[in-house]
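Quick note on numbering: the sequence shown equals residues 158 to 344 in my numbering. Ideal Cβ placement from N, Cα and C applies to all residues, glycine included.
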Amino acid sequence: FFFQAEDGIRDYKVTGVQTCALPILPDPGRVQDQLQRTQEILDRARDRLASCEIPGAREMLRTAVDMQRRAEDAYRETRYLGALQLTMSARERALRAQEMCKASESLEESVTNALQRTDELLTRAREVVENRGGEKARRLFENAQSLQTRARSEADASHARAALRLTWMAREQADRAVREASRAERL
Numbered sequence: 158f159f160f161q162a163e164d165g166i167r168d169y170k171v172t173g174v175q176t177c178a179l180p181i182l183p184d185p186g187r188v189q190d191q192l193q194r195t196q197e198i199l200d201r202a203r204d205r206l207a208s209c210e211i212p213g214a215r216e217m218l219r220t221a222v223d224m225q226r227r228a229e230d231a232y233r234e235t236r237y238l239g240a241l242q243l244t245m246s247a248r249e250r251a252l253r254a255q256e257m258c259k260a261s262e263s264l265e266e267s268v269t270n271a272l273q274r275t276d277e278l279l280t281r282a283r284e285v286v287e288n289r290g291g292e293k294a295r296r297l298f299e300n301a302q303s304l305q306t307r308a309r310s311e312a313d314a315s316h317a318r319a320a321l322r323l324t325w326m327a328r329e330q331a332d333r334a335v336r337e338a339s340r341a342e343r344l
């Protein structure tokens, strides 16, 4: 028997059927997007919690800000997994702090912010797909644009949950288009 790792390495010295899972590191671009998203949430949380008198909420926000600073440091040091974990934890704490003060954003604000973030992602994805993408990447990107158009229509019709669902689907399609364009470029 040969040792068969996920990357195709074989070792004749290892007997039996064995596999190993190699760690999958997050894409630096996606980590940077998450860092930016968390920073936006922290900025809004600071504004919303400025008049909050609950000490626990203010302390939780301070902790979130510190975690975000550490996440940005980890990103600069190319420790992308650590940066991602820290920024997601910072985001969670900021959102909990807002909930403690009953200062979380409304559903309409969530829709507006989500649509804006998806538009930004689509702009970046368009550049990648146009420069490097093949036919499959272009189709995925067109689907993402179509979903975003439908999301905006649902938002205009005051169907907030449908708008959120569609804009998230548009993001996923845009991410897939970028991954496909990157894959096509390597081939």
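- Around the Cβ of Glu-265, a 10 Å sphere holds fewer than 16 other Cβ atoms; the residue is exposed.
- In this chain, the alpha helix (DSSP H) harbouring Asp-313 covers 292-313.
- Taken in chain order, the complete alpha helix (DSSP H) segments of 4 or more residues contained in the region 180-220 are 185-206.
- The Cβ neighbour count for Gly-213, taken over all protein chains shown within 10 Å, is under 16; the residue is labelled exposed.
- Rounded to whole angstroms, Arg-253 and Arg-226 show a C-alpha spacing of 18 Å.
- Taken through DSSP and simplified to helix, strand or coil, Ser-263 comes out as coil.
- The beta carbons of Glu-337 and Leu-272 sit about 24 Å from each other, so the pair does not count as a contact at 8 Å.
- The beta carbons of Tyr-232 and Leu-192 sit closer together than 8 Å.
- Contact annotation: Leu-199 and Ala-228 have beta-carbon atoms that are not nearer than 8 Å.
- Between Ala-334 and Ala-301 the beta-carbon gap is near 6 Å, inside 8 Å, which marks them as a contact.
- Residue environment for Thr-195: buried (at least 16 other C-beta atoms within 10 angstroms of its C-beta).
- Under the three-state reduction of DSSP output, Glu-234 falls in the coil class, being neither helix nor strand.
- Contact between Val-188 and Leu-241 holds: their C-beta atoms lie close to 5 Å from each other, under 8 Å.
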